[in-house]
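Data block below; observations after.
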Amino acid sequence: EAGVVQSPRYKIIEKKQPVAFWCNPISGHNTLYWYRQNLGQGPELLIRYENEEAVDDSQLPKDRFSAERLKGVDSTLKIQPAELGDSAVYLCASTSTGGIAEAFFGQGTRLTVV
Amino acid sequence: GQNIDQPTEMTATEGAIVQINCTYQTSGFNGLFWYQQHAGEAPTFLSYNVLDGLEEKGRFSSFLSRSKGYSYLLLKELQMKDSASYLCAVILRGQAGTALIFGKGTTLSVSS
Numbered sequence: 023e024a025g026v027v028q029s030p031r032y033k034i035i036e037k038k039q040p041v042a043f044w045c046n047p048i049s050g051h052n053t054l055y056w057y058r059q060n061l062g063q064g065p066e067l068l069i070r071y072e073n074e075e076a077v078d079d080s081q082l083p084k085d086r087f088s089a090e091r092l093k094g095v096d097s098t099l100k101i102q103p104a105e106l107g108d109s110a111v112y113l114c115a116s117t118s119t120g121g122i123a124e125a126f127f128g129q130g131t132r133l134t135v136v
Numbered sequence: 005g006q007n008i009d010q011p012t013e014m015t016a017t018e019g020a021i022v023q024i025n026c027t028y029q030t031s032g033f034n035g036l037f038w039y040q041q042h043a044g045e046a047p048t049f050l051s052y053n054v055l056d057g058l059e060e061k062g063r064f065s066s067f068l069s070r071s072k073g074y075s076y077l078l079l080k081e082l083q084m085k086d087s088a089s090y091l092c093a094v095i096l097r098g099q100a101g102t103a104l105i106f107g108k109g110t111t112l113s114v115s116s
């Protein structure tokens, strides 16, 4: 079974440019998370989806960040415009809904804003 | 608010036993996970606790006390490959379902 797939693995952009990350969760997993992880820190939750609905986006900086999960499968996270402080690893994770289930993570996208 | 605390760094030697503590103050607690993350890689699942007590899984054990808001991860017979970050994560249940919230992680360095 394929795991959580993210692309690209690495991205370098200049500040003020837009950038988008893509995530394909494990088949059948209804819950999808986007996290941001800075060096030496734990993952910080940005947004959580249950199917196509964003049920928790309280930590998403909405002035520049947006996300979507059309049809409740793949998801994209966008930053426009990017700032130097957005440099981090962006992790996508998925889990089955209901009960206690481990979250499976993708390899992440390492973003560097210069 | 939600708060999850872990020590930032720990060191140990090969063959030793190390205990990584995690304390949490949260609302809607529904369980606790431990993840391992090697540098440059994604977190991988180690264990979870829902009820109080000890869960053993080979060289790794995890303990939970819900009344004290406390958990620990115990690693036995340490190996060099155990050098990694260990993340404590709490499952919170709210009106919109469950969410997985992480602590800042504990970086463990194992030396020979």
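Chains A and B are the protein sequences, given in the same order.
Under the working numbering, the first residue of the first sequence is numbered 23, with each subsequent residue one higher.
Under the working numbering, the first residue of the second sequence is numbered 5, with each subsequent residue one higher.
For each residue, glycine too, the CB sits at the ideal point set by N, CA and C.
Check your understanding: Should the segment 94-113 of chain A be regarded as contacting the segment 56-64 of chain A, the criterion being three or more beta carbon pairs within less than 8 angstroms?
Key -> yes
Practice item. Note down, in chain order, all residues in the segment 50-72 of chain A with a beta-carbon under 8 angstroms from any beta-carbon belonging to chain B. Key: 53, 55, 57, 62, 63, 64, 65, 66, 67, 70, 72
**Study point:** Under 7 angstroms from the C-beta of residue 127 of chain A: neighbouring residues of chain B
**Key:** 46, 47
Exercise for review: Run through the segment 28-91 of chain A for me and flag every whole beta strand (DSSP E) of 3 or more residues, listed as ranges in chain order.
Suggested key: Taking only runs of at least 3 residues, the beta strand (DSSP E) segments lying wholly in the segment 28-91 of chain A are 32-35, 41-46, 53-59, 66-72, 75-78, 87-90.
**Study point:** Nonlocal neighbours in the same chain, by C-beta distance under 8 angstroms from residue 31 of chain A, ignoring five residues either side
**Key:** 129, 130, 131, 132
Practice item. Pull up the CB-CB distance for residue 65 of chain B and residue 78 of chain B, whole angstroms please, since I reckon it's below 8 angstroms. Key: 4 angstroms
Practice item. Tell me whether the beta-carbon of residue 25 of chain A lies closer than 9 angstroms to the beta-carbon of residue 93 of chain B. Key: no
Review point. Interface residues of chain B around residue 124 of chain A at Cβ under 7 angstroms?
Key: Within 7 angstroms Cβ-Cβ: 37, 49, 52.
Practice item. Between the Cα of residue 22 of chain B and those of B/106, B/102, B/82, B/115, spot the shortest distance and give me the residue it belongs to. Key: Ranking B/106, B/102, B/82, B/115 by CA distance to the CA of residue 22 of chain B puts B/82 first.
Check your understanding: Do three or more CB pairs link the segment 88-96 of chain A to the segment 11-29 of chain B at distances below 8 angstroms?
Key -> Using a C-beta cut-off of 8 angstroms, the segment 88-96 of chain A makes no contact with the segment 11-29 of chain B, since fewer than three inter-stretch Cβ pairs fall below that distance.
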